[in-house]
Amino acid sequence: MTIDKEKDLIKIVQKKNLDEIKYFFNKNKIDTERLNYFKETIHYFIEENGPLEIINYFIEQQQQHIYKYGNNINNNDLLYYSIECNNFEVAKLLLRNGAQLNHKNNNIIEYLIEKNKLDSKKLLFILKSVKNASVITLKALVYLIKEYELLEIIFKYKFYDINFIVNIIILGKNKIALSDKELLDYLYNCNKAVIKVKEKISRSLTNSYIDDFFVYFISFCGIDNIGKYLKLIFNYADNYTFVLNLNYVKNEFEYIPFNSVNGNIKNIKIFIEYADKNNIIVDLNTNIKGKYTPFYTSLMRNDKKNNEIIKFLVDYSERKNFLLDLNYTKDDDNNKIITYIVRRKNVELFILIINYAIKHNIIIRIFRYDMYCIKENFEILKIYNEYKHIFEYID
1 MTIDKEKDLI KIVQKKNLDE IKYFFNKNKI DTERLNYFKE TIHYFIEENG PLEIINYFIE
61 QQQQHIYKYG NNINNNDLLY YSIECNNFEV AKLLLRNGAQ LNHKNNNIIE YLIEKNKLDS
121 KKLLFILKSV KNASVITLKA LVYLIKEYEL LEIIFKYKFY DINFIVNIII LGKNKIALSD
181 KELLDYLYNC NKAVIKVKEK ISRSLTNSYI DDFFVYFISF CGIDNIGKYL KLIFNYADNY
241 TFVLNLNYVK NEFEYIPFNS VNGNIKNIKI FIEYADKNNI IVDLNTNIKG KYTPFYTSLM
301 RNDKKNNEII KFLVDYSERK NFLLDLNYTK DDDNNKIITY IVRRKNVELF ILIINYAIKH
361 NIIIRIFRYD MYCIKENFEI LKIYNEYKHI FEYID
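At position 196 of the sequence shown the residue is numbered 196 (the UniProt record's numbering), and the sequence of numbers has no breaks.
Here you go:
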């Protein structure tokens, strides 16, 4: 009996046990190559969660063909499908027989994302199998930003290889002591981290690699969840001894990192705490065409009930010894800071800004529209007249 189509083979073997399948193969002429190396058959048994021993038998038939004719058989599609179906035992079997998770023409993480099948079990299996972060692409990370549990697994996963373990044992046996810094460097170099910053620098590539990632990362997090994501990436940076550039602006992206936390005092404090720890002064006056400055954005997202955010940033500027830009204008002829405060009748903030200006000898420039807004509010107009000397009217 000759089998010409793999669909016919599946109909014959689908209800047979292993011994019956072996008997059938011995009694009939089965052309492995004509039947596409039993790929469709293996796919069927994976889909039906068939016996591992039967799947193993068909893979053995493949291997015999490879041994006899020297043909390479690509089982990567079956490997991906087995993981998609949570059939990890089959996946291990395919890996042992030459299938690859990290293939240049496809990416297992992106494949599962597109199928909407990526979960923590699959992710952990992949990371344990690959033993490095090569499968974690930027596309995958951007998606995973929306899936905090999966992102946390990646950022906290340690990709130590067998050489690392052996070398640690040798160091111990030879009683070689390492300083904390030496040990930290050794851990870094042996740990296949997701973001290999030092490797990028050592190859004379720009450090914007990590800065680009940071900007993309926080821009996709969403304001509601940004706090826990910031802690995750800040802890990651600390663990791998690199410092994030909190003032980095990617030209074509034009995203100001601090604006991601604006509007939430808890998140602002997380951001500033990391900055303080790494001797970074957050630029609240960054002025990019088409974007608002961080300080003005803070004003727009400020809670008028307590003005806590603005008070905090004013204190921060004084603590770090830099001046807030109180004369910020954009495309139109008006002082954005003053107009926003006055139009919202925020008397407390108006007084706060005036006191700040007096303390630091700042002359506040106002324009015709600013003056119009001031005159609209009697209480604010009264304060303005009292401190008129610190304002410069520009007609």
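Even for Gly, the Cβ is constructed at its ideal location relative to N, Cα and C. As the structure is a prediction and not an experimental result, all values here were calculated from the model.
What does the alpha-carbon distance come out to for the pair residue i and residue j?
i: residue 153; j: residue 45; result: 31 Å
i: residue 302; j: residue 264; result: 8 Å
i: residue 344; j: residue 255; result: 27 Å
i: residue 40; j: residue 98; result: 18 Å
i: residue 353; j: residue 314; result: 9 Å
i: residue 6; j: residue 241; result: 55 Å
i: residue 160; j: residue 129; result: Low local confidence applies: a pLDDT of 46 at residue 160 is under 50, so the model's placement there is unreliable, with the coordinate-based value given in what follows. So the two alpha carbons sit approximately 12 Å from each other.
i: residue 261; j: residue 294; result: 10 Å
i: residue 395; j: residue 327; result: 15 Å
i: residue 329; j: residue 270; result: 29 Å
i: residue 365; j: residue 245; result: 32 Å
i: residue 87; j: residue 48; result: 10 Å
i: residue 299; j: residue 285; result: 13 Å
i: residue 75; j: residue 234; result: 40 Å
i: residue 21; j: residue 77; result: 24 Å
i: residue 279; j: residue 243; result: 10 Å
i: residue 148; j: residue 229; result: 8 Å
i: residue 316; j: residue 156; result: 32 Å
i: residue 119; j: residue 112; result: 9 Å
i: residue 236; j: residue 287; result: 29 Å
i: residue 150; j: residue 81; result: 20 Å
i: residue 196; j: residue 239; result: Summary for residue 196: the model assigns pLDDT 48, below 50, so the residue's position carries little reliability; its value from the coordinates is reported in the next sentence. Their backbone Cα atoms lie some 12 Å apart in a straight line.
i: residue 36; j: residue 273; result: 60 Å
i: residue 333; j: residue 311; result: 26 Å
i: residue 360; j: residue 281; result: 19 Å
i: residue 297; j: residue 125; result: 43 Å
i: residue 350; j: residue 379; result: 11 Å
i: residue 146; j: residue 52; result: 35 Å
i: residue 57; j: residue 115; result: 29 Å
i: residue 217; j: residue 340; result: 30 Å
i: residue 73; j: residue 227; result: 47 Å
Can you name the start and end residues of the beta strand (DSSP E) that residue i belongs to?
i: residue 392; result: 391-394
Helix, strand or coil for residue i, going by three-state DSSP, please let me know.
i: residue 242; result: coil
i: residue 366; result: strand
i: residue 5; result: coil
i: residue 278; result: coil
i: residue 115; result: coil
i: residue 103; result: strand
i: residue 129; result: helix
i: residue 15; result: coil
i: residue 266; result: helix
i: residue 84; result: helix
i: residue 51; result: coil
i: residue 273; result: helix
i: residue 249; result: coil
i: residue 291; result: coil
i: residue 411; result: This structure does not reach residue 411, given that the chain is present from 1 up to 395, and the question cannot be answered.
i: residue 229; result: helix
i: residue 328; result: coil
i: residue 58; result: helix
i: residue 77; result: helix
i: residue 35; result: coil
i: residue 285; result: coil
i: residue 145; result: coil
Just curious, the alpha helix (DSSP H) that residue i is in, first and last residue?
i: residue 343; result: 336-343
i: residue 24; result: 18-27
i: residue 313; result: 308-319
i: residue 47; result: 39-47
i: residue 294; result: 294-300
i: residue 93; result: 88-96
i: residue 381; result: 378-386
i: residue 156; result: 148-156
i: residue 134; result: No alpha helix (DSSP H) holds residue 134; DSSP gives it neither H nor E.
i: residue 352; result: 347-359
Please return the same chain residues whose Cβ sits closer than 7 Å to the Cβ of residue i, not counting the five positions on each side in sequence.
i: residue 50; result: none
i: residue 43; result: 78 and 81
Using a Cβ-Cβ cut-off of 6 Å (strictly less than) and excluding sequence neighbours within five positions of residue i, which residues of its own chain qualify?
i: residue 268; result: 261
i: residue 83; result: 91 and 122
i: residue 141; result: none
i: residue 377; result: 345
i: residue 306; result: none
By Cβ distance below 8 Å, which residues in the same chain neighbour residue i in space, the five residues on each side in sequence not counted?
i: residue 12; result: 3 and 24
i: residue 356; result: 314, 324, 326 and 362
i: residue 95; result: 79, 101 and 129
Does the count of Cβ pairs from the segment 101-115 and the segment 123-142 closer than 8 Å reach three?
As far as the Cβ criterion goes, the segment 101-115 touches the segment 123-142, which means the pair count is three or higher.
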